[in-house]
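Counting from -4, one number per residue, gives the positions in the sequence shown under the numbering used here. C-beta atoms are modelled at their ideal positions from N, C-alpha and C, and glycine is treated no differently. Quantities reported herein were computed from a predicted structural model and do not represent experimental measurements.
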Amino acid sequence: MRPRRVLVAALAALVSLVPLTACSSSASSGAKSADNPYQLTEPGTLHVGTLSDAPPNVYLKDGKFTGFDNDLFAAVAAKAGLKVQFASTDFSALLSQVANHKFDVGSSSITVTEARKKTVAFTNGYDFGYFGLDVPAGSSVTSFDQLTGKRVVVVQGTVQDDYATKRNLNPVRVPDYNSALNQLKTGTAEAWISPAEIGEKSANDSGGKVVLVQKQLSPSPTAFAVAPDRPQLLAALDKGLDEVIADGTWNRLQDQYYPGRAVPDGFHPGSGTASGGATAGQSTPAAPTASATP
């Protein structure tokens, strides 16, 4: 009888351990979730897709990713207690790379559109933007109304690409901003529809070969892109954005990267109230100087 009693006791002890093991596993899973509430690929670090050739918005300087958008994002991430690791990509691939979690966030002066909302979620708007019209020096083209029949270059996948396509301009699509600028310098394109701040900086740095002749206010704000299944991350970034607006960081970076640029009436960054401004879509001549304002 003794061996049977020993066996029964052993089985009872084994059965009693099963719920304890399950509880232990559940507790461990909860701890991991608490350590990584934003479901990041690397807990505590945001991997951010951006561009390397679009100053003053996003670019590389001395091996460091910088520019208005990236410096602002780093400040927003710091408010959420997160580190940032930037990496370069092509804009045409950026939104899909965010959606499939190759990057946690996209930072590249991304204009919010209904079509893009089908791929990614957007933070509250943090900036306004203008379309720019860059042409070779001496060109007779001075406005967007003169582009029909011209060889127009755009960066693929941008809202400038959308603009040109909707107006049946049959644009030449290139992967990045340096390629677009080179099309003008070499005379293989007659005009470049650019993000105006980038187009203006490129013109000023071209040694007189390229001129920005007109700006047109975009009707939608720019925002950071996040995968749709990361609502907690989106909320944390929106909170951080409001905090860097409140503490003066947004104003400081505006002054640093866009000196003299006027903020359109009706534009208020953060808190879901950002818009393109009351004069969205209005075209404005642009002088080929860094201080030109819309």
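Between residue i and the rest of its own chain, which residues show a CB-CB distance below 6 Å, the 5 nearest in sequence each way excluded?
i	result
W187	D129, V148, A175, L179
D99	L35, L41, H42
G25	Any reading at G25 must be qualified, since the residue scores a pLDDT of 35, below 50, and its modelled position is unreliable; no value is offered.
L228	Y33, V221
G235	V71, K74, A75
T137	V208
G101	G44, L89, V93, A220
S286	Unreliable positioning characterises S286 in this predicted model, as indicated by a pLDDT of 27, which lies under 50. The coordinate reading is nonetheless provided below. Result list for S286: G255, in chain order.
I'd like the span of the beta strand (DSSP E) that includes residue i, first residue to last.
i	result
V168	Before going further, note that residue 168 is Arg rather than Val in the sequence given. Run containing R168: 167 to 169, per the beta strand (DSSP E) assignment.
A218	217 to 221
G194	G194 -> not in any beta strand (DSSP E); alpha helix (DSSP H) instead, spanning 191 to 199.
A82	78 to 83
D129	125 to 131
Y121	Looking at the DSSP string, Y121 is not in any beta strand (DSSP E), and its letter there is neither H nor E.
T153	Segment: none, T153 is in no beta strand (DSSP E) and carries neither H nor E.
K56	53 to 56
G294	For residue 294 there is no data in the structure shown, the boundaries of the chain being -4 and 289.
Look at the alpha carbon of residue i and the alpha carbon of residue j, and state the distance between them as a whole number of angstroms.
i	j	result
D156	F139	14 Å
G144	A159	12 Å
D66	I105	15 Å
P216	P264	9 Å
Y252	Q209	20 Å
A231	G133	49 Å
P259	D122	10 Å
S47	V150	14 Å
F117	D57	30 Å
A218	S135	35 Å
R146	Y54	27 Å
Y172	A49	6 Å
F81	D64	12 Å
D242	T61	20 Å
L142	N119	33 Å
A198	K59	23 Å
P214	G127	14 Å
P38	P51	30 Å
K161	G261	27 Å
N165	E109	22 Å
T181	K196	18 Å
D233	K97	21 Å
V107	P131	30 Å
Does the beta-carbon of residue i have 16 or more other beta-carbons within 10 angstroms, so that it is buried, or is it exposed?
i	result
E185	buried
D30	exposed
N163	exposed
D250	exposed
Q211	buried
T45	buried
G124	buried
P226	exposed
G194	buried
E192	buried
S28	exposed
P254	exposed
D200	exposed
S21	Bear in mind that a pLDDT of 36 at S21, under 50, signals an unreliable position, so the number given afterwards is only what the model happens to contain. By the 10 Å Cβ count, S21 comes out exposed.
Counting only the same chain and skipping the five closest in sequence on each side, list residues whose C-beta sits under 7 Å from that of residue i.
i	result
R111	L90
F86	L46, S103, V150, G152, T153
T84	G44, Q92
D237	G265, S266
T183	none
L248	F63, D66, L67
Only counting the same chain, and skipping five residues up and downstream in sequence, which positions put a Cβ closer than 8 Å to that of residue i?
i	result
A94	T114, V115, A222, P223
V169	V148, V149, V150, Q151, A175, Q178
V239	L67, A70, V71, K74, W245
P190	A49, N52, S104, G124, Y125, F126, G127, T153, Q155
So that I know if they touch, is there some Cβ in chain D lying closer than 8 Å to that of residue i?
i	result
V150	No chain D appears in this structure, which consists of one protein chain only.
Since residue i is in the alpha helix (DSSP H), which residue starts that stretch and which ends it?
i	result
V71	63 to 74
P226	226 to 241
V93	86 to 94
Q209	Element bounds for Q209: not the alpha helix (DSSP H) but the beta strand (DSSP E), 205 to 212.
S266	Element bounds for S266: n/a, residue is neither H nor E.
S174	172 to 180
T244	244 to 252
- prompt: Any chance the stretch 69 to 77 sits against the stretch 204 to 211, with 3 or more Cβ pairs inside 8 Å?
  reply: Verdict: no, contact absent.
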